[in-house]
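**Student:** This is the structure I have questions about; it appears just below.
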Amino acid sequence: MRLALVGNPNCGKTALFNRLTGARQKVANYAGVTVERKEGQFTSAVGRAYQVIDLPGAYSLNAMTPDEAITRDVLFGTRADEMPPDVIVLVADANNLRLNLRLVLEVMRLQRPMVLVLNMMDVAQKNGLVINLAKLQAELGIPVVQAIAVKPGGDAELVARLDSMVRQAQAGLTEESHAAFNAGNTATLEATQREVRRILDAVIDQHGRIQTAGDRIDAIVMHPVLGYVILAVLLFLIFQAVFSWSAEPMALIKGAVDGVGRALQATLPAGILRSLLVDGVLSGVGSVLVFLPQILILFLFILTLEDSGYLPRAAFLLDRLMGSVGLSGRAFIPLLSSFACAIP
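Here our numbering is used: the first residue of the sequence shown is 19, the next is one more, and so on.
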């Protein structure tokens, strides 16, 4: 059975594809374009084999980009190099249903066997979103399952649903269907948006957001006053380490380089070879090695802050300040890196 994964960009579609297929996948390009084509396969617990196509992310079937055009053509069955899917697996970010449901409603007009997968349900629950899956399934008229694509077993409900679905005959598109998608008129878009709002009002209950440890940390490090104090302390520690704590290892390296230079001068006779080694190679390499402790210490701090997630928060904190001189807050990171040059 051929499955096509369809969804908005960044909805977790490719993560679900990787979870389903594992290492059993092939990556190539669609003929005539540079759009990546991903295909894989897997076998379910009941022994049914599936072939999976990860279609490019799309916001609408009224194609505005080459990626969306590929997705539209594959679903319409108008690409000579690609068989249309037997079942369409619609992947939607449960945290952003307002945007995702527009594409879902458009694909539903194809009247083909399909199932809707609400991905990132764990994040939605942390955000206080309660989605009534039974009501959403009744509103749409298609099977709805939940998934957490990044966790082992997060696709189990989807695979079980696929196994239970009766394989239906592939329905062809009518001329009216093509015309509806190709028109993309304002009335159709507005009607789709109204339908999206109606469905959301019916199936979503917004509770208070569950505060996580990350939220509590954000409240401190991004505080309008305390956040700058923490940033100043971190910058002081970085500069102290780069310019003071690195002095001793720099002196040791400089002493070692000078010692090697003196040994070469004492060993080799005066001439081109000694001049090349002492004044050229050793002098050039030594001048770089001397600053190695500063560079290593600075980048150790930067990597630690980046892995901890603090750097993006610092960039956000400094965005208004940097904006006063025409820079983005993200310019803080390369500016911080430049201090390793040790230029007076």
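We put the beta carbon where it would ideally sit given N, CA and C, even for glycine.
Report buried or exposed for Val64, applying the criterion of at least 16 other Cβ atoms within 10 angstroms of its Cβ.
**Tutor:** exposed
**Student:** What is the C-beta distance between Leu300 and Gly279, in whole angstroms, given that I count them as a contact (C-beta under 8 Å)?
**Tutor:** 5 Å
**Student:** Can you tell me which of the three DSSP states Thr322 falls into?
**Tutor:** helix
**Student:** Have a look at Gly302, Leu128 and Gly25 and flag the residue whose alpha-carbon is nearest the alpha-carbon of Glu86.
**Tutor:** Gly25
**Student:** Is it buried or exposed for Gly245, if we count other Cβ within 10 angstroms and need 16 for buried?
**Tutor:** buried
**Student:** Skipping 5 residues on each side, what residues in its chain have a beta carbon closer than 8 Å to that of Leu218?
**Tutor:** Leu115, Arg116 and Leu119
**Student:** Can you tell me whether Thr61 is helix, strand or coil according to DSSP?
**Tutor:** strand
**Student:** Which runs of the alpha helix (DSSP H) fall wholly inside the stretch 244-288 and span at least 4 residues, in chain order?
**Tutor:** For the stretch 244-288, the continuous alpha helix (DSSP H) assignments of 4+ residues that do not extend past its boundaries occur at 244-258 and 265-285, in sequence order.
**Student:** Taking the Cβ atom as the reference point for each residue, do Asp173 and Arg37 lie within a distance shorter than 8 Å?
**Tutor:** yes
**Student:** From this set, Ile71, Lys153, Arg292 and Ala98, which residue's C-alpha is nearest Leu108's C-alpha?
**Tutor:** Ile71
**Student:** For the putative contact between Ala110 and Leu73, defined by C-beta atoms under 8 Å, what is the C-beta separation to the nearest angstrom?
**Tutor:** Going by Cβ atoms, the distance from Ala110 to Leu73 rounds to 14 Å, so no, they are not a contact pair.
**Student:** Kindly give me the distance between the Cβ atoms of Val260 and Leu316, rounded to whole angstroms, as I take these residues to be in contact under 8 Å.
**Tutor:** 5 Å
**Student:** What first and last residue would you give for the alpha helix (DSSP H) that runs through Arg11?
**Tutor:** With the chain represented from 19 up to 362, any question about residue 11 goes unanswered, as that position is not in the structure.
**Student:** Which partner residues of Leu23 appear in the DSSP bridge assignment?
**Tutor:** Asp72 and Val107
**Student:** Nearest by alpha-carbon distance to Gln211: which of Cys29, Leu339 and Leu121 is it?
**Tutor:** The residue among Cys29, Leu339 and Leu121 with its C-alpha nearest the C-alpha of Gln211 is Leu121.
**Student:** Helix, strand or coil for Gln143 per DSSP?
**Tutor:** helix
**Student:** Could you check where the alpha helix (DSSP H) with Val303 kicks off and where it finishes?
**Tutor:** Ser301 to Val308
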